[in-house]
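Q: Please find one structure pasted underneath; my questions will follow.
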Amino acid sequence: MPRATVRLPRLLEPAVGKVREVKVVGDTLRAAIDDLLRQHPTLGVHLFDEQGALRPHVLCFHNGDLDREVSDRSLADGDEITFLQAVSGG
Amino acid sequence: MNQPINRLAVGTERGAYRVERKNGSWTVTSGPRFPGWKVSALAQAPDGSYLAGLGSNWFGASVHRSPDFETWTQVEQGPSWPEDSGLKMNQIWTFHNAGDRVYAGVDEAGLFFSDDQGVTWEGVAALNDYPGRKDWFPGFGGLAAHRILSDHDRLWVGISAVGVFRSDDRGESFVRVDEGVIPVDPSDQPAWCVHSLVADAEESNRIWRQDHRGVYRTRDGGDKWEQIEEGLPASFGFVIGRNQSNGTLFVAPITADENRVPVDGRFSVYRSFDDGDSWTEAGVGWPEGGQFNGALRNAMVVDNQGGVAIGTTGGSLFVTSDDGDHWEQLPFSLPRILCVTTI
């Protein structure tokens with residue numbers, strides 16, 4: 002099964018401490034995020050709303066491509082998944 | 281002899297702080313904890329552990345626990361809405377201890393409880409599924425259950441901008457208790473915008489209320505309210521508190537809904553020694569040069585020993601240890617202050 006790296010913003014420290022990178026496995030982006038939430042269940046409430054959608058001002062990148070749906074796109078070994086808070090407001 | 285307030289926990293728009301008086305001087309001794317996060321509620325659970333309610337413009341709301349205010353752990357089963365509710369958990373507004381139980385009031389408006397010191401939480405269905413909630417309308421600060429009172433099997437919950445709900449059966453059922461208060465929405469489905477509540481610890485039917493539409497009191501648990509504003513420079517405001525040992529009441533008037541600054545830039549607390557029949561400005565020590573910031577609803581604490589602390593939206597903190605005769609402005613400024621509590 003493909004192994005990927007998830008990068009987390011510093012602002013999520015209250016949920017995961019000093020962890021900035023998490024190694025995950027999954028055939029798809031969604032499966033890899035499920036693995037992330039299994040390892041760090043406290044992240045779920047911060048990344049996704051009650052209906053399972055990515056929070057409006059949270060961004061998810063797969064190898065640099067924005068994927069707001071956290072879709073079932075395929076993963077390959079060594080892929081990178083990055084969560085960021087959007088630059089919102091001025 | 282009054283015991284001075286020496287230690288406060290302060291939640292702000294950007295983190296939580298502990299401030300302490302040591303050798304006669306106030307300093308920030310911890311913080312910011314949770315840098316970058318709104319800390320909208322701080323309390324101690326029945327076992328003495330600390331609870332923090334966090335919110336974020338990006339990352340939702342969560343509850344955190346600490347044994348010492350220094351190391352914090354997010355709880356995994358915090359207050360949450362069911363997927364099919366359509367509701368969002370936007371903010372943890374308040375914690376309230378009732379015996380060994382802890383309640384949390386949240387936005388979107390709801391009541392949750394924990395029987396294990398805040399580790400796991402369940403919703404109070406009778407309020408969270410209250411008939412007609414689809415017609416509830418948020419106040420300027422959100423659709424928030426922000427104030428909880430309790431006395432044995434009785435509960436009161438203040439929700440903006442909806443009103444006050446009372447349960448006489450430990451949350452199995454609720455009735456609305458706003459008669460006598462001027463509604464903010466006078467339509468056929470009226471709404472009230474309660475800002476804060478405080479009850480007499482010895483006689484819980486006696487409750488005082490800072491409302492959007494003025495200052496009120498009830499003697500019958502909320503069945504009937506009367507307006508009590510004699511001596512106040514303005515009836516608008518957010519905080520209300522009471523020294524339970526001698527009955528002194530405290531409010532912090534703000535000019536008006538549409539102009540949320542102290543009257544003439546004079547920030548101060550008003551107090552009443554007669555259950556709210558009359559009010560006078562409390563003591564000395566207020567800034568003379570103008571202080572154009574008000575206090576939010578959770579930003580005042582009364583310790584029942586003569587101590588009161590109040591924080592402003594400008595990040596200033598004022599403390600008295602003699603029931604408001606003398607006030608001291610603390611020698612530092614924090615981010616916009618959301619909540620203040622003694623620890």
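Chains as they are written, first to last, in my numbering: chain F, 2 to 91; chain Z, 281 to 623. Glycine included, every Cβ here is placed at the ideal spot set by N, Cα and C. Keep in mind the model is a prediction, meaning the values are calculated, not measured.
DSSP three-state call for Z:K414: helix, strand or coil?
A: In the three-state reduction of the DSSP assignment, Z:K414 falls in the helix class.
Q: Residues of the stretch 396 to 422 of chain Z in Cβ contact with chain F at a cutoff of 7 Å, in chain order, please.
A: none
Q: Got a sec? Which residues, its chain only, sit under 6 Å from F:L85 by beta carbon, not counting five neighbours each side?
A: P10 and L60
Q: Would you kindly check if the distance between the Cβ of F:D35 and the Cβ of F:M2 is under 8 Å?
A: Not closer than 8 Å, so no.
Q: Tell me the DSSP secondary structure of Z:E363 in three-state form.
A: Looking at Z:E363 - three-state DSSP - the assignment turns out to be helix.
Q: Can you give me the C-alpha to C-alpha distance between Z:F516 and Z:R434, rounded to a whole angstrom?
A: A direct Cα-Cα distance of roughly 28 Å separates Z:F516 from Z:R434.
Q: Determine whether the Cβ of Z:F339 lies closer than 8 Å to any Cβ atom of chain F.
A: Answer yes: the Cβ-Cβ gap between Z:F339 and chain F drops below 8 Å somewhere.
Q: Just the chain C side, please: which residues come within less than 8 Å of F:L13 by C-beta, in chain order?
A: The chain labelled as chain C is not found among the protein chains of the depicted structure, namely F and Z.
Q: Nearest to Z:R450 by alpha carbon, out of Z:V461, Z:W436 and Z:T292?
A: For Z:R450, the nearest C-alpha among the options comes from Z:W436.
Q: Can you tell me where the alpha helix (DSSP H) holding F:R4 begins and where it ends?
A: Looking at the DSSP string, F:R4 is not in any alpha helix (DSSP H); the run it does join, the beta strand (DSSP E), is R4 to R8.
Q: Against chain Z, does F:E51 count as a neighbour if the rule is that its beta carbon must be under 8 Å from one of theirs?
A: yes
Q: 8 Å is my cut-off, CB to CB: does F:A32 come that close to chain Z?
A: So no, F:A32 is outside the interface.
Q: Rounded to whole angstroms, what is the Cα-Cα separation between Z:W472 and Z:D448?
A: 21 Å
Q: Count the C-beta pairs between the stretch 476 to 486 of chain Z and the stretch 534 to 552 of chain Z that are closer than 8 Å, then say yes if the count reaches three, no if not.
A: Segments in contact, no.
Q: Does the CB of Z:W306 have a neighbour CB from chain F at under 8 Å?
A: So, not an interface residue.
Q: Can the beta-carbon of Z:V404 be found less than 8 Å from the beta-carbon of Z:L391?
A: yes
Q: Should Z:E356 be flagged as near chain F, meaning a C-beta pair shorter than 8 Å?
A: yes
Q: To which residues does DSSP link Z:R489 through a beta bridge?
A: Beta-bridge pairing links Z:R489 to Z:L477 and Z:Y496.
Q: By Cβ distance, which residues of its chain are closer than 6 Å to F:V7, with the 5 residues on each side in sequence left out?
A: V23, V25, L37 and I82
Q: Compute the Euclidean distance between the alpha carbons of F:F49 and Z:M369, then round it to the nearest angstrom.
A: So the two alpha carbons sit approximately 11 Å from each other.
Q: Check each candidate in Z:W488, Z:G291 and Z:V442 and name the one with the smallest Cα separation from Z:P466.
A: Z:V442
Q: CA-CA distance, Z:L288 and Z:T309?
A: 10 Å
Q: Three-state secondary structure (DSSP) at Z:L512?
A: coil
Q: For the alpha helix (DSSP H) containing F:P15, name the first residue and the last one.
A: E14 to V17
Q: Tell me which residues share the same chain as Z:G618 and place their Cβ nearer than 7 Å to its Cβ, disregarding the 5 neighbours each side in the sequence.
A: One point to set straight first is that residue 618 of chain Z is Leu, not Gly, in the sequence displayed. Same-chain partners within the cutoff: G291, T292, E293, K318, V319, S320, L576, N578 and A579.
Q: Taking contact to mean at least 3 C-beta pairs separated by less than 8 Å, is the stretch 353 to 360 of chain Z in contact with the stretch 378 to 396 of chain Z?
A: The answer is yes - the stretch 378 to 396 of chain Z touches the stretch 353 to 360 of chain Z, with three or more Cβ pairs under 8 Å.
Q: Output the distance between the C-alpha atoms of Z:S548 and Z:Q324, rounded to the nearest integer angstrom.
A: Distance between the alpha carbons of Z:S548 and Z:Q324: 28 Å.
Q: Please confirm if Z:E363 has its CB atom under 8 Å from at least one CB of chain F.
A: yes
Q: Compare the C-alpha of Z:W338 against each of Z:G316, Z:S613, Z:P347 and Z:W352 and name the closest.
A: Z:G316
Q: When burial is assigned at 16 or more other CB atoms within 10 Å of the CB, is Z:H606 buried or exposed?
A: exposed
Q: Scan the stretch 358 to 387 of chain Z for residues whose Cβ lies nearer than 9 Å to a Cβ of chain F and list them as they occur along the chain.
A: G358, S360, W361, P362, E363, D364, S365, G366, L367, K368 and M369
Q: Measuring only from the beta carbon, is Z:T593 closer than 7 Å to any heavy atom that is part of the ligand FMN?
A: In the structure on display, the ligand FMN does not appear, and there are no ligands present to speak of.
Q: What residues of chain F sit near Z:H344, judged by a beta carbon separation below 7 Å?
A: Listed along chain F, the residues sitting closer than 7 Å to Z:H344 by beta-carbon distance are P15.
Q: Please report the straight-line C-alpha distance between Z:W488 and Z:R427, rounded to a whole angstrom.
A: 12 Å
Q: Measuring CA to CA, which of Z:S430, Z:T560 and Z:V455 is closest to Z:Y410?
A: Z:V455
Q: Just to confirm my understanding: we take Z:W559, look at its own chain, exclude 5 residues before and 5 after, and list those with CB closer than 6 Å. What are they?
A: G511, L512, Y550 and S552
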